[in-house]
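Below: the structure, in structure tokens.
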Amino acid sequence: MSISPLNSVNPNTSARQKMKINTVTATGYAALGAGAASAIAGFNKKIKPHKYLAYLAGIFAVAHTGIIEFYKFSSKKNKQV
Numbered sequence: 000m001s002i003s004p005l006n007s008v009n010p011n012t013s014a015r016q017k018m019k020i021n022t023v024t025a026t027g028y029a030a031l032g033a034g035a036a037s038a039i040a041g042f043n044k045k046i047k048p049h050k051y052l053a054y055l056a057g058i059f060a061v062a063h064t065g066i067i068e069f070y071k072f073s074s075k076k077n078k079q080v
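The sequence shown: position 23 = 22 (numbering that gives the first Met the number 0), numbered continuously.
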């Protein structure tokens with residue numbers, strides 16, 4: 000009596016699939032990380048890195064919000080049709 004496999008997925012097809020990057024989570028975590036690094040640099044009185052990291056955190060936060068609003072707008076547009 001043979002044991003049947005639990006997963007019948009062909010390993011060749013799963014290896015060929017491209018990994019999709021979720022841009023919403025990537026920009027969200029990038030904004031959070033840059034903001035935390037900016038706070039640490041500000042606490043340590045490193046003003047120049049603090050300023051640049053704050054700008055970077057702001058850019059990532061705006062990109063994060065823009066991507067979310069784009070997805071929200073495009074999903075509303077698809078539902079109306």
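Glycine included, C-beta positions come from ideal geometry on N, C-alpha and C.
Other residues of its chain near residue i: CB distance less than 7 Å, five sequence neighbours each side excluded
i     : result
Leu52 : Ala33, Ala36, Ser37 and Ala40
His49 : Ser37, Ala40 and Gly41
Lys78 : none
CB-CB length for residue i against residue j, believed under 8 Å
i     : j     : result
Ala30 : Phe69 : The Cβ separation is near 16 Å, so there is no contact.
Thr26 : Ala56 : About 11 Å separates the two Cβ atoms, so there is no contact after all.
Residues near residue i in its chain [Cβ-Cβ closer than 6 Å; skip 5 each side]
i     : result
Thr64 : none
Beta-carbon contacts of residue i that lie in its chain and below 8 Å, excluding the five residues immediately before and after
i     : result
Ile66 : Thr22, Val23 and Thr26
Three or more C-beta pairs under 8 Å: does that hold for the stretch 14–24 against the stretch 34–41?
no
4 or more residues per run - each alpha helix (DSSP H) lying fully within the stretch 8–54:
10–15 and 22–42
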